[in-house]
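Asker: Sharing a structure below in structure tokens format, with a few things to ask.
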């Protein structure tokens, strides 16, 4: 275990987090919010000093192996959340550190679940930081670090594998640093495009920026109590719907589009399956809720927005789908669990895993019918390696176990079945709103401190796809030697 390299990276992460708070501090200064500015300034100064001490200078040995990558990613997300909550707490904008931590973890993990009952009265700097945590966490701060810091050789790919969502992570170009830069460039361009489209459509610039941040990270923190429904604007809703879907697509495909490799994009099974799910869910819900709205266009607009919001795990709302028919709510819960594409900023099990699981079932049926046949699982025409299949199976088993365990712990608060179960599912899938007491117009403030901590852990487990966090509790990962 290369402890010096771990310390070096974590120290730099703390300093980068401090610098990332600077825009929020400037927003507070611009709007004359002195208490919030002092809170940000104090935390920034602390992170810069403390991060420098933790870094301890550049190490001679920069090798990063599998377990270093998992440890760095896991600890960095914990530290970022702990210190990212400090501006909320010091400024007094949110009561209680557990509530501050919940809101911060929900931001960084791009979940969008909130304990706030009143949002619009919050200071602008706090609202900006709250939405900016989505943008930071969407692509992942570790990938940002890979893009700007000298992280050693290509073994830093272990960091990208540990943080990037999906069963398979690959480099776009031979160098990891170039891959990280490419991903962030695509991320920034798409974010800027959404900001401009919203602003040109009449949304105030501040609102355009923070809503674009929340969309890019597929997080869903809004600066309005009624979320996007507060604008009551079809243009805004369609623009945000399109970008929620775009940010739910594997970013590798955007790179392929940039180099005009259209053939590989169009033959991508995950992309086709993803669009098919969106189309089918939208049609079914539109037909189901059409009697609730004056026109079919209005029903379609709300249906496609909520389908895009839930499957992308963004969590924005334009309608209270809690009052929709049970069939529509069931469809939303199903696509909540499936989630977005691998390699995107979205959460959930991931469409690619779902496809592999379906093909595993079909393979088993063929094996039973034709015992002597040789069946190979393929994705995009390529064979899916056994270690990927085993990883998908293990992930699903552990996912279900954690959902069940968290559900049992949350049930100690003695709320109804739907509230307890969907609160866990929405946090594990990084979606945000659930059903019943955690529905689209509700919040998580009523849970006990213990339940909030459980849900915080669920959000981090869901964002890092379980194993990086679990590995911290295995003694063997801390032993000397390399893997």
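Numbering (our numbering), first residue to last: 322 to 804. Yeah, the Cβ is synthetic: ideal placement off N, Cα and C, and Gly gets one too.
Take residue 457 as the anchor and find which of 436, 765 and 427 has the nearest alpha-carbon.
Answerer: 427
Asker: Counting beta carbon pairs with one atom in the stretch 427 to 443 and one in the stretch 539 to 552, are three or more of them shorter than 8 Å?
Answerer: Note that the stretch 539 to 552 touches the stretch 427 to 443; at least 3 beta-carbon pairs, one per stretch, sit closer than 8 Å.
Asker: Taking the alpha helix (DSSP H) that residue 450 falls in, what are its first and last residues?
Answerer: 445 to 460
Asker: Residue 355 bridges to which residues according to DSSP?
Answerer: Per DSSP, none; premise fails for residue 355.
Asker: Using only alpha-carbon positions, find the residue among 743, 402, 430 and 718 that is nearest to residue 342.
Answerer: Measuring from the Cα of residue 342, the nearest candidate turns out to be 402.
Asker: Pick out the complete alpha helix (DSSP H) segments inside the stretch 586 to 623, 4 residues or longer, and give them in chain order.
Answerer: 590 to 610
Asker: Please state whether the Cβ-Cβ distance between residue 650 and residue 527 is less than 8 Å.
Answerer: It is not a contact, given that the beta carbons lie outside the stated cut-off.
Asker: I'd like to check one pair, residue 425 with residue 405: are the Cβ atoms closer than 8 Å?
Answerer: yes
Asker: Taking the C-alpha atoms as reference points, what is the distance between residue 476 and residue 789?
Answerer: In this prediction, residue 476 has a pLDDT of 49, which is less than 50 and means its spatial position is unreliable; nothing more can be read from the coordinates.
Asker: Going by Cα to Cα distance, which pick from 325, 419, 391 and 409 is closest to residue 271?
Answerer: In the structure displayed, the chain extends from 322 to 804; residue 271 sits before or after that span and is not available.
Asker: I'd like to know whether the C-beta of residue 793 is nearer than 8 Å to at least one C-beta of chain C.
Answerer: Among the protein chains of the structure shown there is no chain C, as only one such chain exists.
Asker: Going along the chain, which unbroken runs of the beta strand (DSSP E) with 3 or more residues stay wholly within the stretch 503 to 583?
Answerer: none
Asker: Between which two residues does the alpha helix (DSSP H) harbouring residue 679 extend?
Answerer: 672 to 690
Asker: If you compare alpha carbons, which of 373, 771, 362 and 695 is closest to residue 734?
Answerer: 771
Asker: Where does the unbroken alpha helix (DSSP H) through residue 426 begin, and where does it stop?
Answerer: 418 to 429
Asker: Using beta-carbon positions only, say whether residue 603 and residue 628 come within less than 8 Å of one another.
Answerer: yes
Asker: Is it right to say residue 609 is buried, meaning 16 or more other beta carbons lie within 10 angstroms of its own, or is it exposed?
Answerer: So residue 609 counts as buried.
Asker: Looking at residue 507: is its Cβ nearer than 8 Å to the Cβ of residue 587?
Answerer: no
Asker: Which first and last residues belong to the alpha helix (DSSP H) in which residue 336 is found?
Answerer: 324 to 341
Asker: According to DSSP, simplified to helix, strand and coil, what is residue 700?
Answerer: strand
Asker: By how many angstroms is the C-alpha of residue 510 removed from the C-alpha of residue 729?
Answerer: 43 Å
Asker: With a threshold of 7 Å, establish whether the CB of residue 584 neighbours any heavy atom of the ligand GTP.
Answerer: As presented, the structure is devoid of all ligands, the ligand GTP included, so that no description of it is given.
Asker: Measuring straight from C-alpha to C-alpha, what distance separates residue 450 and residue 569?
Answerer: Within the model, the alpha-carbon separation for residue 450 versus residue 569 is close to 23 Å.
Asker: For a quick check, are the C-beta atoms of residue 710 and residue 681 less than 8 Å apart?
Answerer: yes
Asker: To the nearest angstrom, report how far apart residue 513 and residue 783 are at their CA atoms.
Answerer: 27 Å
Asker: In angstroms with no decimal places, state the Cα-to-Cα distance between residue 796 and residue 762.
Answerer: 43 Å
Asker: Out of 669, 522, 561 and 598, state which residue places its alpha-carbon closest to the alpha-carbon of residue 532.
Answerer: 561
Asker: Please state the DSSP three-state secondary structure of residue 796.
Answerer: It is helical.
Asker: Assuming residue 590 and residue 662 are in contact, meaning their beta carbons sit under 8 Å apart, how far apart are those beta carbons, in whole angstroms?
Answerer: Between residue 662 and residue 590 the Cβ distance is about 11 Å, and since that is not below 8 Å, they are no contact.
Asker: Can you tell me whether DSSP reads residue 786 as helix, strand or coil?
Answerer: coil
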